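Student: Please see the structure below; I have some questions.
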Amino acid sequence: MLFSDNIEYSFYICQQIKELTNMTNDSFSIRLREARLMMGLSMDKLVERTNGAITKQSISRYEKGIMRPKRDALQAIAKALNISEAYFNGTNLKIDVPMLRTTSNGKLSEDELQALEAKLSFWAEQYLAKEKEAGFPTQFKNPIKGTKVSTLEDAIQASSLLREMWHCGDGPIASILRLLERKGIMILAATLPDYVFGMSTWADKKHPLMILDFNPEKSSVEKLRFTAVHELAHLLLLFPEDSPLKLEKRCDLFASFLLLPKLALIEELGSRKRELITLEEMIDIKELYGASLAASIIAARDYGIITTEYKRAWYAEHIEPNPREIGNGHYAFPETLGREKRVNSIVDS
7 MLFSDNIEYS FYICQQIKEL TNMTNDSFSI RLREARLMMG LSMDKLVERT NGAITKQSIS
67 RYEKGIMRPK RDALQAIAKA LNISEAYFNG TNLKIDVPML RTTSNGKLSE DELQALEAKL
127 SFWAEQYLAK EKEAGFPTQF KNPIKGTKVS TLEDAIQASS LLREMWHCGD GPIASILRLL
187 ERKGIMILAA TLPDYVFGMS TWADKKHPLM ILDFNPEKSS VEKLRFTAVH ELAHLLLLFP
247 EDSPLKLEKR CDLFASFLLL PKLALIEELG SRKRELITLE EMIDIKELYG ASLAASIIAA
307 RDYGIITTEY KRAWYAEHIE PNPREIGNGH YAFPETLGRE KRVNSIVDS
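My numbering runs 6 ahead of the 1-based position in the sequence shown.
Structure (structure tokens):
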């Protein structure tokens, strides 16, 4: 083989590698697959909805990144999925992917993040369009904008301020998810990896989005409530980098304090200082406030009601042997989503 042949062959190999790389990184294939699955459509059903404008083989090739549709095929797909063509280019809604990366605590791969971004983009575009058609678009206003949380005391004050601004009083909040929906936060129920319970981000820097995993095998109702308020902290608060507390710890503090306010817990326990707290007491508080035993006993320590040493002993006796708290009380009020269902009923009527 001549030297010139070697150069040409090397150039050919480089081009092939470049094409394969582009194919792998092509977000169109991911966006098409996520949109089809979000609509609950098989490839055959999608073909049917395009009135035969594309074939099942073509869809398969699109989703594998082997080829991209021409303009007329793209229009047919977008119409069949009831989505804009801009969605496939990633220009319909700007999802804050770095925040998704942060709120997943770095536990998602880039491929998982890309798929989740596509899912959110598809869902949010359709949801916002339906709200507009129904006549009551989501309006969100951060009532504690600019609030910084660096310390435990900051988290207590921030949670108290939010309860005041949202007129929650100092007692139990019956349905956290319905409260968040009323306040303009868009919540998507989705299956997440085993090690991720919830995430949050922004669309177009103005629409707050939250993703929660409702799988009861993975998350109790108390855990779901805690996760939702933890993600709320990410959306509402500012977190100075010079804090001695990690970001996730500060979100946890805010979540505990919002679910179980300081004065309420002191009154429930009958004193600002306790040397002993029974399991039965904490189960009763769990069933009333919808906060887990673990979150409640930690809150009692953080509020200064019990010592760190006693909290460790209580935790070792009651939580470590039974981390899912099976048989130790259950918050009976269901946590459900309703806004999208109501919007759909108006649009479909």
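Ideal placement from N, C-alpha and C gives every residue a C-beta, glycine not left out.
Bear in mind that the values here come from a model prediction, so they are computed numbers and not experimental data.
Who are the Cβ neighbours of residue 250 in its own chain at under 6 Å, not counting the five residues just before and after it?
Tutor: Within the same chain, residue 250 has no close Cβ partners at all.
Student: Counting only runs of 4+ residues fully inside the stretch 82-125, write out the alpha helix (DSSP H) ranges in chain order.
Tutor: Listed in chain order, they are 91-95 and 103-109.
Student: When we look at the beta-carbon of residue 352 and count the other beta-carbons within 10 Å, is it buried (16 or more) or exposed?
Tutor: It counts as exposed.
Student: From 41, 355 and 307, pick the residue whose C-alpha is nearest to that of residue 96; which is it?
Tutor: For the residues 41, 355 and 307, the minimum Cα distance to residue 96 belongs to 41.
Student: Would you report the Cα separation of residue 186 and residue 287, rounded to the nearest angstrom?
Tutor: Distance between the alpha carbons of residue 186 and residue 287: 29 Å.
Student: With respect to the alpha helix (DSSP H) encompassing residue 320, which residues constitute its N-terminal and C-terminal limits?
Tutor: 314-324 is the span of the alpha helix (DSSP H), which, as asked, contains residue 320.
Student: Restricting to Cα atoms, I'd like to know which of 39, 73, 83 and 67 is closest to residue 59.
Tutor: Considering only alpha carbons, the answer is 83.
Student: Would you check if the distance between the CB atom of residue 99 and the CB atom of residue 91 is smaller than 7 Å?
Tutor: Their beta carbons are not under 7 Å apart, which means residue 99 does not touch residue 91 by this criterion.
Student: Can you tell me which of 278, 37 and 299 puts its alpha carbon nearest to the alpha carbon of residue 328?
Tutor: Taking only the C-alpha atoms, the option nearest residue 328 is 299.
Student: Output the residue ranges of the beta strand (DSSP E) runs that lie fully inside the stretch 212-250 and measure 3 residues or longer, sorted by chain position.
Tutor: Correct list: 213-218.
Student: Check whether the Cβ atoms of residue 150 and residue 242 sit closer than 7 Å, and answer yes or no.
Tutor: It is a contact, given that the beta carbons lie within the stated cut-off.
Student: At the level of alpha carbons, what is the spacing between residue 85 and residue 47?
Tutor: Using only the alpha carbons, I get a separation of about 14 Å.
Student: Could you check what DSSP says for residue 254 in three-state terms: helix, strand or coil?
Tutor: Residue 254: helix per DSSP, three-state reduction.
Student: I'd like to confirm the pairing. Which residues does DSSP put opposite residue 192 in its beta bridges?
Tutor: 215, per the DSSP bridge assignment.
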